[in-house]
Every structure is written in structure tokens, then in C-alpha cells.
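Position one of the sequence shown corresponds to residue 6 (my numbering), numbered consecutively onward.
Virtual Cβ for every residue (Gly too), placed ideally from N, Cα, C.
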Amino acid sequence: MTNVLAEFREAYTNALRLHLDSPTQYTLSEGYELGRRALVEGVSILDLTEHHFRLLGQWHLLASSEQVRQRGEDPESNRTALEFLLQTLAALDVATRGFLDSTRSYELQRLRADDLEGRDVFRTALVESLQDGFFVADSRGTVTEVNSAFGALTGYGPDAVPYAVPHPWAISDDSHYPDLGTEAARFVMPVRHRDGRQLWLAVSTSSLIRPEDDERIFVGTIRDVTAEHDAQARDQAVSRLATAVAASTSVVEVLAVGLEELRHAIGAETAVVSMWPNRQTGPELYVSGGDAAQSRQVLDARARALLDRVRLRPGRTMFAIPEGAASSEGIVAPLGETGDAALWLRFAAPRAISPGDWSLFSLLVGQLSLAVQRARNFDAARSTSLTLQRAMLGPIELPPRFSVHYEPALPPLEIGGDWYDVVQLRDGAIGLVVGDCVGRGLSAAVVMGQLRTAARALLLRGAGPAQLLAELDTVAARIPGAMCTTVCAAILDPERGVLRYSNAGHMPPVLAAPGAKGRLLEGGRGVPLATFDTQRPEATTVLEPGSTLVLFTDGLVEQRGIDIDLRFDELADELSGAAADLPREVADSVLSRLRPAAGYDDDVAMVVYRQPPRALRLDVPAEAGRLAELRREFAAWLGAAAVPHELATDLVAAANEACSNSIEHAYLGGSPGRVVLSADCALDQVTIEVSDNGVWRPLPDDPGYRGRGIAMMHALTDELVIDHLGVGTRVHMMAKLPAESFSVASRI
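This is how it looks when you write it as C-alpha cells:
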């Protein structure tokens with residue numbers, strides 16, 4: 006027996022004896038403390054129990070007194086001893102049960118850990134078996150777990166986790182998963198593979214709450230959708246290009262819009278199209294992006310011969326430049342099927358061209374080729390149409406001092422049911438016709454063309470205004486759709502300033518004297534063509550020098566909801582200040598003032614004529630200070646005579662030089678004289694005379710920097726004659742007035 010056990014037995018004996026002698030709660034608690042001591046000192050329950058009953062037996066045998074004997078045999082005493090023993094054993098019982106519970110808990114935890122370990126192995130195997138990439142990200146976006154498929158898709162596998170934001174596969178620094186704060190998210194995002202390739206991944210995520218720390222995490226999968234994205238991008242690029250060039254109706258418009266869209270679609274810095282319109286001239290260049298001048302220099306230096314060779318290749322063939330290199334500076338391809346155009350696309354930096362890129366390039370270049378060919382067909386049809394329309398409409402070159410305007414109501418047609426004609430006759434007279442067929446568009450234009458041709462033939466045959474309309478009655482009766490056509494016909498004699506006219510139900514002409522409000526010429530009125538068999542009246546009016554005559558169709562003055570008399574009054578008022586403007590400027594101002602807010606809704610044809618003003622005569626003192634006045638008044642007269650601005654500037658300069666010579670040389674050393682500037686305007690020319698009464702000195706053999714005025718006057722006029730009379734000098738100059746060019750669609 007060890008000392009510890011002996012000491013414990015002795016302590017137990019004393020405590021039990023004390024409790025049997027005087028049982029109290031205090032003595033009973035000593036038993037519980039002994040139980041705890043037994044637990045600490047390793048005294049077993051068996052040793053404790055045997056010692057307890059051994060003591061009770063010994064005390065019963067050794068008792069000598071009756072008191073002890075009675076105490077040992079007393080049932081109450083036995084219960085007190087048992088109570089002490091149980092109190093001692095209580096601490097040992099609690100410890101035993103705790104040990105057993107701990108043992109069972111340990112076994113359960115061990116079994117649970119074994120189970121979790123198996124589950125983790127299963128989860129890892131399951132995640133690795135996925136064909137899609139798998140990832141787990143924390144609430145800050147840091148990817149903490151990925152599978153092998155994720156590494157295969159991005160180049161960043163499980164060995165290098167975690168991947169913090171910005172992720173190494175992100176295209177830019179600020180790339181992140183869009184809106185991971187939702188319960189589920191699906192999106193497509195671009196990534197950069199570790200090897201440099203750009204991919205598109207479809208991402209599907211779900212958010213979870215981790216139970217051990219209540220942190221939100223995101224679990225998701227990724228799938229490579231680059232092929233689908235590229236196919237969709239190709240379709241969208243082709244659709245954008247087709248939409249961009251759909252409204253273009255000429256090759257220039259197609260290339261202006263198409264090259265810009267093509268350049269953006271493939272990421273090129275510059276797009277150049279070289280077209281060879283014929284063999285006699287070099288190629289025409291159309292450039293989009295970059296520096297156009299620099300692009301032409303590069304093209305001249307490096308690619309002209311290449312493009313010349315490429316344009317002869319079959320359609321939809323293309324190759325990279327330089328050929329055979331790993332990275333390309335650009336691509337070249339023929340454009341269209343006619344072998345006269347080639348395309349050059351230059352990248353901002355050399356790059357590798359993938360099969361997907363070639364597919365995109367082929368689709369886009371093919372779409373542009375179709376658009377160019379369609380525009381060429383449209384151009385050819387339009388050119389043919391315009392040629393026929395202009396032939397039907399009338400002359401493109403007009404006599405001096407005339408201007409015309411034609412505006413159809415139905416673009417893109419450039420003709421309609423209205424027409425004009427200006428015909429120069431043999432005796433110097435000018436025939437004028439303005440008409441308006443019923444209806445609009447091409448059907449009315451067909452009728453118009455026949456009536457205009459008949460009216461021109463009648464004018465050239467010598468018919469007067471009334472006779473012309475009478476003959477047109479017969480013609481219109483035989484042309485379907487010509488009935489009720491309105492026509493105003495006139496014969497103008499510019500030399501005499503007389504206008505004869507007849508009106509078949511048409512708008513009356515307006516005549517405005519210089520500085521006066523226009524007035525309607527309402528004489529010679531009759532019914533429209535082919536309506537009644539009646540005599541055609543004729544009227545005559547005098548055109549004052551410098552007056553303005555306007556013939557027009559009803560589209561100019563008719564406006565829904567507005568009294569036509571008010572529109573006539575606006576027209577007449579606008580012409581009150583027209584005497585100083587050129588006929589073209591008069592037409593523009595009239596059209597601007599009378600134009601409705603929504604534009605003209607009917608065809609408009611208008612002829613403007615300026616009667617030559619009275620001859621000019623300016624007699625002023627031969628003083629240099631009077632030259633500015635002479636120039637100003639002469640320029641105003643030229644404007645009234647409808648002399649074009651450039652020619653008027655030349656004539657003012659020539660007249661100024663002649664007057665300067667008279668002032669400087671004619672009266673040198675003598676008494677001051679006078680200088681006379683005269684000008685007159687005939688049908689197709691302007692004559693100018695500058696005269697004085699002085700004596701000119703002959704030019705020296707070496708005039709130095711002076712004496713160049715005569716050469717200047719020769720250059721600025723068509724004819725120069727200098728007469729030195731007995732007293733004085735006369736400088737005669739003449740300039741021919743150019744014919745007025747007219748574009749059919751001269752719209753404002």
C-alpha cells in the first residue's frame with residue numbers, strides 16, 4: 006500500500022468517526038471533499054468502499070462498552086455512515102459520467118471528421134470533374150478557389166490562388182465581376198488569357214452565406230463563348246455596315262460612310278480605296294482615318310503597285326501585308342467586280358490575324374463591294390435619268406441677264422409637270438414659255454416634255470404668243486393627260502424693251518420697275534389648254550430700263566390656308582428692291598421669302614429677266630478725289646445691268662485705270678479739265694468709253710514701273726481702242742457678257 010493511500014485511509018477514518026459521533030452538514034461535506042481528493046490522488050472507488058466497510062466491522066468487534074455496541078448495531082448509525090460514503094462517492098460518480106460523456110463525444114467527433122474528410126474528397130473530385138471552370142470568390146472579389154478547367158480556360162490554375170482584384174486575366178485595371186451582390190448573376194465578360202489571347206467568358210454566379218463566419222461568398226462557373234461572341238460580333242458589324250451604306254446613292258457617299266464604319270469594325274487606323282476611272286489618269290484616292298496626306302504618301306511609296314495588282318484579282322480575295330509575316334501591318338483586297346478598285350486597311354500596330362478575323366474581313370469587304378456596285382448601278386441609272394430629264398426640261402445655258410429656277414415636288418426626280426423654256430430667235434427677240442401640267446411626278450413630266458418640245462418648235466417657226474397657245478390647244482388635245490395645262494407664252498424684244506404675252510389660265514407674270522413695287526401683268530388672259538375652242542388674246546407691255554420680269558408657276562405662290570393675293574403682294578414687294586441685284590440673286594431672295602415653313606409642296610418653275618438699264622454717263626472734274634465716286638456709281642450700274650460680279654470687278658478696274666490716266670496725264674501742266682465715263686449695255690455685251698479734252702504725252706522708251714495701265718485694260722476687257730483726236734483722247738472698251746449656266750436642281 007502506498008503512502009498516499011495510507012494517508013487517505015487515515016483521513017477518511019477520522020472524518021467518518023467524527024461524522025458518526027456528531028453528524029452535521031459540515032462533517033458530511035468533508036466526505037465530498039474526500040471524494041474529490043480520491044479522484045485527484047487516484048484512489049479507486051473499490052479501495053474507498055472496502056476501507057469504509059472494514060472500518061464499520063472493526064468498530065463493531067472492538068466495541069467494549071455498551072454505548073459503542075449500541076451505536077454499531079443502531080440502524081440510524083448505519084444510515085449515517087452510508088450517507089457519508091455516498092457523499093464521498095458523489096464526486097467520483099460525476100467525474101466518471103463526465104469521462105464517459107467526453108469519450109462518447111470524442112468518438113462522435115472522430116466519426117464526424119472521418120465523414121467530413123470523405124465528403125471533402127468527394128467534393129474535390131466533383132469540382133475537378135466539371136467541364137466548365139469553377140471558382141469561389143469572397144465578398145471583396147478575391148478568387149480563393151478554382152478548378153483545373155478554370156486554369157485551362159484562363160491560364161491561371163489552382164496552384165496560384167488566391168487571385169485578388171484586379172484579376173490577372175482582366176482586360177483593364179478596373180475590370181470586375183458585374184454586380185456580384187445579387188443572389189444570382191449571369192453575364193459575359195472579356196478576359197486576357199495568360200498567353201495573350203482575348204477570350205469571352207460566360208459567367209454564372211450564386212451568392213452564399215458561409216455558416217462559420219456569416220461572410221458572403223460567391224460560387225460560379227465560367228464557359229468559353231468566344232466563338233459565339235465573335236459570330237455575333239461579325240453579324241452586328243456586317244449589319245452596321247449595311248445599315249450605314251443603305252441610304253447612300255453614289256460611290257462617293259458609300260465610300261465616305263462605308264470606309265469609316267469598316268475602319269472601326271476591324272480596328273484599323275486608316276482605310277484607303279484606290280479607284281482607276283480610266284487608263285489616262287491616275288487612281289483616285291478615298292481615305293478614312295489618320296492623316297489623309299500622309300496616307301497618300303505611304304500609298305505612293307509602298308502600296309501603289311500592290312493595289313494596282315490586287316485590283317485585278319478575283320472578287321473577295323484578300324491577303325495580308327507584308328506577305329508571309331507572323332504579324333501583319335494591314336490587308337489589301339479588290340473592291341467590286343470591275344477590276345478598277347482596290348482596298349487597303351492599315352492597322353494601328355502590327356498584329357496576328359486569326360481565322361475569325363479573316364472571316365470578319367471577308368464579310369465586311371464583300372458587303373462594301375456590293376454597296377459600291379449598287380451605287381455604281383444607281384449612278385449610271387441616275388446619269389441616264391438626269392440626261393433625259395434635262396433634255397426634256399430646257400436649256401442649261403441661258404442668254405445674259407436671265408436666271409431660272411426649277412424645284413420638283415417629288416425628289417429625287419429633278420423634273421415634274423412644270424417647265425420653262427427660253428429660246429433665242431433670229432431677229433434678236435427671245436421667246437419665253439412657262440407651263441404647268443396637271444398632276445406631278447414622272448407621268449406629268451412625260452406630258453410636259455411633249456408640250457415643251459411643241460412650244461419650242463412653234464417659237465422657232467415664228468409663232469407669236471397667242472398663235473403659239475392656239476396651236477398648243479390642238480397639240481394638247483391629242484396628248485393624254487395634257488388637258489387643262491396652263492401656259493404663259495411671251496416674246497421679248499430687249500432692244501425695244503417690249504414684251505408681248507398671252508396667258509392660258511396661268512399665273513400672271515410680275516414686272517417691277519427700278520425702285521418700284523412689282524405689278525401683275527394680267528392682260529391676254531384665257532382658259533387652260535384644250536378646254537374650250539376660243540380665240541387666244543394677246544397683250545403688250547413696255548419694259549422700263551432696268552426693270553425686272555418674273556414668270557413662274559403656281560407652286561411659288563399657292564399655300565394652303567393663305568389667300569393667294571397675299572402671296573402675290575409678298576412677291577411684288579420683294580421685287581421692289583431687285584433692281585440692284587443679279588437675276589440669280591433675285592430668284593434666291595424671292596424663293597427664300599415665299600418658301601413655306603414645311604417647304605414647297607408643288608413643283609416650282611421660275612424665269613427671271615433683267616432689262617438693260619439706261620446708258621450711263623458720268624461727267625466729273627479730272628480730280629483724283631473723284632475716282633472713288635466714279636467706281637461706286639459704275640459698279641452700281643453694272644449690277645443693274647446684270648453683269649456677273651467677277652466681270653463687273655474687272656470692268657471697274659479697267660475703267661478706273663482709264664480715268665486715272667486721264668486725270669494724271671491729260672491735263673498735266675494745264676488748266677483742270679473734266680473726264681467723262683460712259684457705259685451702255687447691249688444684248689450680249691457692255692461698252693465703256695472714257696474721254697477727256699487734254700493732251701497725253703507719249704510713253705518713254707523705258708517707262709520703268711509705270712505705264713502698265715494700257716496692258717491692264719487689254720487684259721481685263723475683250724476689246725480696247727484708244728483714239729487720240731485733235732483735242733482730247735477717247736478710250737473705248739468692250740466686254741462680252743457670258744451666257745448664264747444653270748443646274749437643273751438649283752435648290753436653296
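Leaving out five residues before and five after residue i in sequence, what residues of the same chain have Cβ atoms less than 6 Å from its Cβ?
i, result
"R541", "A471, L474, A475, S507, G531"
"T254", "F383"
"H24", "T32, F89"
"A16", "none"
"V736", "A663, V695, I727"
"A758", "Summary: the structure shown does not reach residue 758, with the chain confined to residues 6 through 753, and so no result is reported for it."
"D215", "In the sequence under discussion, the amino acid at residue 215 is Arg, which differs from the Asp named in the question. I222."
"H234", "W205"
"Y425", "G399, V409, V439, A610, V612"
"L464", "V428, G436"
Which residues mark the beginning and the end of the alpha helix (DSSP H) in which residue i is found?
i, result
"M323", "No alpha helix (DSSP H) contains M323, which DSSP labels as neither H nor E."
"Q237", "231-251"
"G263", "256-271"
"D478", "470-482"
"T159", "153-159"
"Y37", "30-46"
"H198", "First-last for H198: undefined, no H or E at that position."
"Q455", "446-466"
So for residue i, helix, strand or coil by DSSP?
i, result
"R356", "strand"
"R600", "coil"
"G436", "strand"
"D570", "helix"
"M611", "strand"
"G138", "strand"
"A584", "coil"
"L131", "helix"
"A346", "strand"
"I50", "helix"
"V648", "coil"
"I176", "coil"
"E724", "strand"
"A169", "coil"
"T389", "helix"
"E289", "strand"
"L497", "strand"
Closer than 7 Å by C-beta to residue i: which residues in its own chain qualify, once you throw out the five before and the five after it? Chain order, please.
i, result
"S448", "G486"
"T18", "L60"
"R318", "P339"
"A660", "F639, L682, I693, V695"
"L561", "L599, V609, M611"
"D478", "L534, A535"
Give every residue of the same chain whose Cβ lies closer than 8 Å to the Cβ of residue i, excluding the five residues on either side of it in the sequence, and list them in chain order.
i, result
"C664", "L632, L635, V680, L682, V695"
"V166", "V148, T149, E150, V151"
"R202", "none"
"V243", "L368, L369, Q372"
"R199", "T159, G160, Y161, P173, W174"
Please report the residue range of the beta strand (DSSP E) in which residue i lies.
i, result
"S667", "First-last for S667: undefined, no H or E at that position."
"N508", "503-509"
"E694", "690-697"
"V532", "Counting along the chain, V532 falls outside any beta strand (DSSP E), and DSSP gives it neither H nor E."
"M738", "734-741"
"R4", "Not covered by the structure: residue 4. The range shown for the chain is 6 to 753."
"E412", "407-412"
"E12", "From DSSP, E12 is part of no beta strand (DSSP E) but of the alpha helix (DSSP H) over 8-26."
With three or more C-beta pairs closer than 8 Å as the rule, is the stretch 380-387 touching the stretch 583-591? The stretch 583-591 makes no contact with the stretch 380-387, as fewer than three CB pairs between them are under 8 Å.
Counting beta carbon pairs with one atom in the stretch 429-436 and one in the stretch 493-504, are three or more of them shorter than 8 Å? In short, these stretches touch, since the Cβ pair count reaches three.
Is it the case that the stretch 339-357 contacts the stretch 270-281, given that we only count it when at least three CB pairs across the two stretches are under 8 Å? In short, these stretches touch, since the Cβ pair count reaches three.
For the 8 Å Cβ check, are there 3 or more pairs between the stretch 548-565 and the stretch 607-615? Touching, yes.
Three or more C-beta pairs below 8 Å linking the stretch 482-496 and the stretch 455-469: Put simply, the stretch 482-496 touches the stretch 455-469. At least three CB pairs are less than 8 Å apart.
What residue ranges within the stretch 535-572 form continuous beta strand (DSSP E) runs of no fewer than 3 residues, ordered along the chain? Qualifying beta strand (DSSP E) stretches, in chain order: 544-547, 553-557.
Touch check for the stretch 266-273 and the stretch 357-375: three-plus C-beta pairs under 8 Å? These segments touch.
Touching by the beta-carbon criterion (3+ pairs, under 8 Å), the stretch 521-531 and the stretch 561-571: Counting C-beta pairs with one atom in each stretch, the stretch 521-531 and the stretch 561-571 have fewer than three that are closer than 8 Å, which means they do not touch.
With three or more beta-carbon pairs closer than 8 Å as the criterion, would you say the stretch 126-139 touches the stretch 221-236? Because the criterion of three Cβ pairs below 8 Å is met, the stretch 126-139 and the stretch 221-236 touch.
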